[in-house]
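Shown next, in structure tokens, is the structure this report addresses.
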Amino acid sequence: MSLTSEIPATVHNPNGSEFSSPEPETSVKSQGFHRERGKCPKDKGGTTPTRSGIPAVSVRNAYKSFPRPDLPPVEAIDDISLDVRLGEFVVIVGPSGCGKSTLLNIIAGLIQPDIGSVCLQGNGEAERIGRVAYMHQIDLLLPWRNVLSNATLGLEIAGVPRHDADAKATELAKRFGIADFLNAYPATLSGGMRQRVALLRAVLPDRDVLLLDEPFKALDAITRAELQRWLSDVLDRTNRATVMVTHDVEEALMLGDRILVMSPRPGRILLELDVDLPRPRPPDVVREPNFVELKWQLLSALSGEWVR
Amino acid sequence: MGSMSALPQTDDHIANENAAAPSRRSTGSVLKKLKTYVQNWGAAILIALFGLLLWELSVSLFDVQEWLLPPVSQILSELIADPFLFIENGWVTLREILVGFMVSATFGFVMATGMFWSRLLERSVYPFLIASQTVPVFTLAPLLVIWTGTGMTPKVVIVVLFTFFPITIGLMTGLRSVDPDMIAMFRTLGASKWQMFTKLHLPSALPYLFAGLKVAAVVSVIGAVIGEWIGASAGLGWLIKTSGSRYQTDKVFAAIFTLSVMASMMFILISLMQTRMLRHYHQSDSEGATN
């Protein structure tokens, strides 16, 4: 609406060093987004391209760079906009170091974009930290806690009584396939098991938004394939907006409803693709013509950017 | 020497405990445990025995004067002849050590957590903590005797001067060296700063704290002895000094032996606590790829 909406909403630098955000003109260059610049989508109809009301997450023209001593700043992401509705599983695919994790960190509220804004349920003002579930590449389990009390950490922090938290975790642990390990300590678990616990910890506090940052990256190929299938079974997607980041095109197609392809640094969105494969997707879905075609589109979008 | 043989190989010990994780108590596991102990301690004990034997033999072989270097057997018989002398004086020294240790642990905890929470406190206090370690404590001892008399107080103060530093620095380092990814994870779970302190920083700092406590345990004995050296009427340090001036070398050695046993016991006690409390800390690094 007004011009003021293009001024960076928040310029926050957690390192505390001097850093001024770049001039708005320099980064507000790529055009073609039909969305309103830097504004939270309001539930008034018309302006927002959503099927069902306000998107759970919407990122508007996010730009982020990181200062380096004696060097020009690294531009991590540039002009990224993205809407994710409840019940939707969006996968962001991109080469390593394209700012995918930066984007997730921004959505989670761990860092703030230099330019642009992030809205949860149409609210761009409220603190995002603590309202978004986030699962990292590495499990980050606390070695001094057993599986059960690792899993209930989020509930414990939220002040849920111990008994209720344990009951809730035990219930879900059955579906997660870790019910037999609740008293085990992380050091005795395999990498795949640890990631299951980490996901359980992330989803237990019942947040609307779940961010997955290459959750299977540290695992071997067999375990990864197993956990991909497990994840699509175990995640109740109906009440949650999920954003996963990966560099694995097949993983994206196995899990995603919609896939965004990101360019190398600074990360921009190159391609947006709806995955119209039926669920559940069995392992042999990879042979279906539809899958092959989508995979080819994704790969050419990625490699086209690499060649350039 | 005695103190060498008493140093346990803690890390191996912990690793072995972990390897036999869910152990059922049976004769087999008891034997296994015994075997582990022999593996961990056997070599050191053998070396100690060999050294003592060499000592004993060379004293009689080269006909060394007793007041220069008494044979091991005589030191032992000195210990056996009047055990209460060493127990009583040992108790005096041990009390000084324990009180000093407690004061240090409390002070160290308050200081380290204070500096963790307040950069201002760190900036204003840290230089003085360092400075306090550059002062040779031995030179302070006479002053302390002048100020606080020859009772327990100056010894405790010297023990504190020796021990608070490793405890404080250990805990502070531990509180500061938490994986930033872990902090990010706690933040996304909505943890307050206090929750993060109690549930993340403090447990993460325990291994560092124990490293500091172990160093403190060993040097605390030195502190107490220095305190007794300057002015005391009891204690192992006092016993060593008075016996030395009377050329009662066997008593000196017996007291030194008692001291090193005491220091080793403190060290072992803390190691056992560490093994118990940090049972699960040792991750198998094979899987946990850090990236």
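For the protein sequence lines, the chains are B and R, in the order given. 1131 is the number of the first residue of the first sequence in my numbering; add one for each residue after it. 135 is the number of the first residue of the second sequence in my numbering; add one for each residue after it. Beta carbons: idealized from backbone N, C-alpha and C, even for Gly. Note that the structure is predicted; figures quoted are calculated from it, not measured.
**OP:** Determine the chain B residues that contact residue 321(R) at a beta-carbon separation under 7 Å, and present them in chain order.
**Re:** Residue 321(R) sits at position 187 when you count from the first residue of the second sequence. Near residue 321(R) (Cβ distances below 7 Å), the residues of chain B are 1240 and 1259.
Subject >> Any C-beta of chain B under 7 Å from that of residue 335(R) >> reply: The count along the second sequence starts at 1 and reaches residue 335(R) at position 201. With 7 Å as the cut-off, residue 335(R) does not count as an interface residue toward chain B.
**OP:** Please report how far the alpha carbon of residue 235(R) lies from the alpha carbon of residue 1310(B), in whole angstroms.
**Re:** Taking the first residue of the second sequence as 1, we reach residue 235(R) at position 101. Taking the first residue of the first sequence as 1, we reach residue 1310(B) at position 180. Rounded to the nearest angstrom, the two C-alpha atoms are 43 Å apart.
Original post:
For the segment 317-337 of chain R against the segment 1264-1279 of chain B, are there 3 or more C-beta pairs whose distance is under 8 Å?
Top reply: yes
Original post:
How about residue 1399(B) and residue 1210(B): are their beta carbons less than 7 Å apart?
Top reply: As a working mapping, residue 1399(B) is identified with position 269 in the first sequence. As a working mapping, residue 1210(B) is identified with position 80 in the first sequence. A contact, by the Cβ cut-off of 7 Å.
Original post:
Taking Cβ positions, are residue 1190(B) and residue 1246(B) nearer each other than 7 Å?
Top reply: The count along the first sequence starts at 1 and reaches residue 1190(B) at position 60. The count along the first sequence starts at 1 and reaches residue 1246(B) at position 116. Yes.
Original post:
I think residue 1306(B) touches residue 1330(B), with their Cβ atoms under 8 Å apart; what is that distance to the nearest whole Å?
Top reply: Counted from its first residue, the first sequence places residue 1306(B) at position 176. Counted from its first residue, the first sequence places residue 1330(B) at position 200. With 8 Å as the limit, residue 1306(B) and residue 1330(B) qualify as a contact, their Cβ atoms being about 5 Å apart.
**OP:** Compare the C-beta of residue 1291(B) with all C-beta atoms of chain R and state if any pair is closer than 7 Å.
**Re:** Here residue 1291(B) corresponds to residue number 161 of the first sequence, with the count starting at 1. No, residue 1291(B) lies away from the interface with chain R (no Cβ there is under 7 Å from its Cβ).
Subject >> Span of the alpha helix (DSSP H) around residue 1399(B) >> reply: Within the first sequence, residue 1399(B) is the residue found at index 269, counting from 1. Element bounds for residue 1399(B): not the alpha helix (DSSP H) but the beta strand (DSSP E), 1399-1404.
Subject >> Collapsed DSSP secondary structure at residue 1322(B) in the structure displayed >> reply: In the first sequence, counting from the first residue as 1, residue 1322(B) sits at position 192. Reduced to three states, the DSSP call for residue 1322(B) is helix.
Subject >> the segment 275-288 of chain R / the segment 364-374 of chain R touching (three or more Cβ pairs under 8 Å) >> reply: yes
Original post:
Between residue 1420(B) and the rest of its own chain, which residues show a CB-CB distance below 8 Å, the 5 nearest in sequence each way excluded?
Top reply: Position 290 of the first sequence, counted from the start, is the residue given in the question as residue 1420(B). Result list for residue 1420(B): 1406 and 1407, in chain order.
Original post:
With 16 other CB atoms within 10 Å as the buried threshold, where does residue 294(R) fall?
Top reply: Taking the second sequence and counting its residues from 1, the one referred to as residue 294(R) is at position 160. It counts as buried.
Original post:
Relative to the C-alpha of residue 1215(B), which residue among 1358(B), 1432(B) and 1369(B) is closest?
Top reply: To locate residue 1215(B), count along the first sequence from 1; it is residue 85. Closest option to residue 1215(B), Cα to Cα, is 1369(B).
Original post:
Can you tell me where the beta strand (DSSP E) with residue 1255(B) in it begins and where it stops?
Top reply: Position 125 of the first sequence, counting from 1, holds the residue named residue 1255(B). Counting along the chain, residue 1255(B) falls outside any beta strand (DSSP E), and DSSP gives it neither H nor E.
Subject >> For residue 1372(B), the residue or residues it bridges with in DSSP >> reply: Within the first sequence, numbered from 1, the residue matching residue 1372(B) stands at position 242. Looking at the DSSP assignment, residue 1372(B) forms a beta bridge with 1219(B) and 1340(B).
Subject >> Contact under 7 Å by Cβ, residue 1222(B) with residue 1230(B) >> reply: One-based indexing of the first sequence puts residue 1222(B) at position 92. One-based indexing of the first sequence puts residue 1230(B) at position 100. It is a contact, given that the beta carbons lie within the stated cut-off.
Original post:
Who are the Cβ neighbours of residue 1282(B) in its own chain at under 7 Å, not counting the five residues just before and after it?
Top reply: In the first sequence, counting from the first residue as 1, residue 1282(B) sits at position 152. Excluding sequence neighbours, residue 1282(B) sits near 1295, 1296, 1299 and 1334.
Original post:
From 321(R), 322(R) and 347(R), pick the residue whose C-alpha is nearest to that of residue 306(R); which is it?
Top reply: Indexing the second sequence from 1 puts residue 306(R) at position 172. Of the candidates 321(R), 322(R) and 347(R), the one whose C-alpha sits nearest the C-alpha of residue 306(R) is 347(R).
Subject >> Any alpha helix (DSSP H) of 4 or more consecutive residues that is wholly inside the segment 329-381 of chain R >> reply: 336-364 and 370-379
Original post:
Of all Cβ atoms in chain R, is any one closer than 7 Å to the Cβ of residue 1273(B)?
Top reply: Counting from 1 along the first sequence, the entry for residue 1273(B) is found at position 143. Answer yes: the Cβ-Cβ gap between residue 1273(B) and chain R drops below 7 Å somewhere.
Original post:
Going by the beta-carbon positions, is the gap between residue 200(R) and residue 385(R) smaller than 7 Å?
Top reply: The sequence position of residue 200(R) within the second sequence is 66, counting from 1. The sequence position of residue 385(R) within the second sequence is 251, counting from 1. No; because the gap between Cβ atoms is not below 7 Å, this pair is not in contact.
Subject >> C-alpha gap between residue 1252(B) and residue 1199(B), whole angstroms >> reply: Along the first sequence, one-based indexing puts residue 1252(B) at 122. Along the first sequence, one-based indexing puts residue 1199(B) at 69. One C-alpha to the other measures close to 37 Å.
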